[in-house]
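*Asks:*
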Amino acid sequence: MSQVTQTEGSRRSPLPRAILGKTRGQSHGPVIRLMSPADLGQVLKPFVFLDLVETDTRNLPKFPRHPHSGIATVSIVTKGNMRFRDPNSGEGVIAYGGLEWMRAGGGIWHGDEASAGDSPSVQAFQLWIALPPELENGPSLSQFIEASFTPTVGPARVLVGEYGGATSPAQAPQGITCLLVTLAPGETWSFQPAPGQSIAFVSVAQGGLTAVGNIAAGELAVFEPGEAPIKIRAGPSGVVFVLGSAVPHPHDLVLGLYSVHTSAVALKAGEARIEALRPR
């Protein structure tokens with residue numbers, strides 16, 4: 000919980016949430032790896048992995064079909080658009096405010112459902128979320144959710160979870176919130192986490208912001224644990240950013256090549272399921 004200071008009379012108000020650290024990650028061509036389960040994922044779990052991708056759509060990286068287990072992924076388009084073709088969600092376009100929610104559960108293969116849209120370039124985040132024990136070896140699920148179906152609360156799109164009385168259609172576990180926020184130059188906004196959601200991060204896609212300290216485009220900032228509001232002011236060019244808030248994940252991160260589980264037993268079950276699905 001954040002520290003508090005004494006104000007008039009007996010009133011107490013929280014100090015601003017401090018930034019514990021920032022990173023620009025590591026670049027791999029058009030992909031910037033901002034967080035992985037072996038580094039900041041240990042601090043921000045259930046958020047365990049974050050990539051920021053920006054590229055000319057003619058050079059969009061080709062991701063071969065690959066497996067996952069034990070996690071969910073959130074793919075968030077922040078600029079441009081992507082087309083999707085999926086047996087569950089049909090066909091459509093994911094642009095700003097849209098997302099793919101994929102719950103790997105006990106095992107899934109994916110990777111060829113999305114392709115370049117009609118924009119000359121695209122920018123997107125991909126976030127991995129560690130699943131709780133009751134879901135990590137459960138059924139898999141894939142949802143492509145177009146922007147018209149994501150609720151808006153002020154400047155925020157509710158991509159995962161609940162915020163401001165609005166609920167995302169993504170079928171995510173309780174205790175997780177993910178917002179896509181755009182602020183005009185100099186605009187201010189305050190995020191109040193839900194009770195128990197003491198983990199928080201911000202990653203800037205475009206522009207810059209101030210939240211106690213400055214956070215620039217391409218950076219991820221980790222906030223101190225607590226439930227005090229996070230107060231943000233956009234920089235002179237405005238800002239587009241993703242904010243994640245969650246109840247802490249109280250389990251270990253047991254890592255496989257494509258999987259994150261809470262125990263060696265759960266990982267073994269997930270990897271066995273992946274192999275059983277391979278021939279399909």
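So that you can map any letter, position 6 of the sequence shown is 5 in numbering that gives the first Met the number 0, and since no number is skipped, the others follow by simple counting.
Think of the CB as a built atom: it goes at the ideal place given N, C-alpha and C, for glycine as much as any other residue.
1. Which residue from I128, E161, E223 and S120 puts its Cα closest to that of S197?
2. Note down, in chain order, each residue of its chain lying with its Cβ closer than 6 Å to the Cβ of G106, except the 5 sequence neighbours on either side.
3. Any beta carbon of chain D sitting closer than 8 Å to that of V92?
4. Q205 and V157: beta carbons closer than 8 Å?
5. If you follow the beta strand (DSSP E) that E53 is part of, which residue opens it and which one closes it?
6. Below 8 Å between beta carbons: does that hold for L252 and A165?
7. In three-state DSSP terms, what is I18?
8. How far does the beta strand (DSSP E) with E99 in it reach, from first residue to last?
9. Go through the region 111 to 182 residue by residue and report every complete run of the alpha helix (DSSP H) that reaches 4 residues or more, in order.
10. When burial is assigned at 16 or more other CB atoms within 10 Å of the CB, is S189 buried or exposed?
11. With a CB to CB cut of under 7 Å and the five nearest residues on each side skipped, what residues in its chain are close to G175?
12. Give me the DSSP bridge partner(s) of H248.
13. Skipping 5 residues on each side, what residues in its chain have a beta carbon closer than 7 Å to that of V97?
14. Between V52, G110, V221 and G225, which has its C-alpha nearest L242's C-alpha?
15. Work out the CA separation of M81 and P119 for me, nearest whole Å.
16. Give the straight-line distance between the Cα atoms of L182 and S258, rounded to the nearest whole angstrom.
17. For Q122, count neighbouring C-beta atoms within 10 Å of its own C-beta (all shown protein chains included) and say buried if the count is 16 or more, exposed if not.
18. Name the one or two DSSP bridge partners that P66 has.
19. DSSP three-state call for R279: helix, strand or coil?
20. Using the C-alpha atoms, what's the distance from F83 back to V73?
21. Determine the DSSP secondary structure at Q323, reduced to helix, strand or coil.
22. Provide the residue span of the beta strand (DSSP E) that contains N213, from first to last.
23. Helix or strand or just coil, what does DSSP make of G269?
*Replies:* Once the coordinates are examined:
1. Among I128, E161, E223 and S120, the Cα nearest to that of S197 is on E223.
2. Excluding positions up to five away in sequence, the list reads S68, G269, R272, I273 and L276.
3. Going by chain labels, chain D is absent from the structure shown, which holds only one protein chain.
4. No, these two residues do not count as a Cβ contact at 8 Å.
5. Start and end: F46 to D55.
6. Going by C-beta atoms, L252 is not nearer than 8 Å to A165.
7. Note: I18 maps to strand in three-state DSSP.
8. Note, E99: beta strand (DSSP E), L98 to R102.
9. The region 111 to 182 contains these whole alpha helix (DSSP H) runs: 132 to 135.
10. The residue in question, S189, is exposed, as its Cβ has fewer than 16 Cβ neighbours within 10 Å.
11. According to the sequence displayed, residue 175 carries Ile and not Gly. The beta carbon of I175 sits closer than 7 Å to the beta carbons of P45, I128, V159, G160 and A245 from its chain, once the five residues preceding and following it are set aside; these are given in chain order.
12. Answer is none; H248 lacks a bridge partner.
13. According to the sequence as given, residue 97 is Gly; it is not Val. The residues V76, I144, E145, A146 and T149, in chain order, have a CB closer than 7 Å to that of G97 in the same chain once the five nearest residues on each side in sequence are set aside.
14. Comparing Cα positions, the closest option is V221.
15. For P119 and M81, the distance between alpha carbons rounds to 11 Å.
16. So the two alpha carbons sit approximately 35 Å from each other.
17. The residue in question, Q122, is buried, as its Cβ has 16 or more Cβ neighbours within 10 Å.
18. Answer is W108, bridged to P66.
19. Residue state, collapsed to three classes: coil.
20. Answer to the nearest angstrom: the Cα atoms are 14 Å apart.
21. Since the displayed the chain opens at 0 and closes at 279, residue 323 lies outside it and no answer follows.
22. G212 to A215 is the extent of the beta strand (DSSP E) around N213.
23. Reduced to three states, the DSSP call for G269 is helix.
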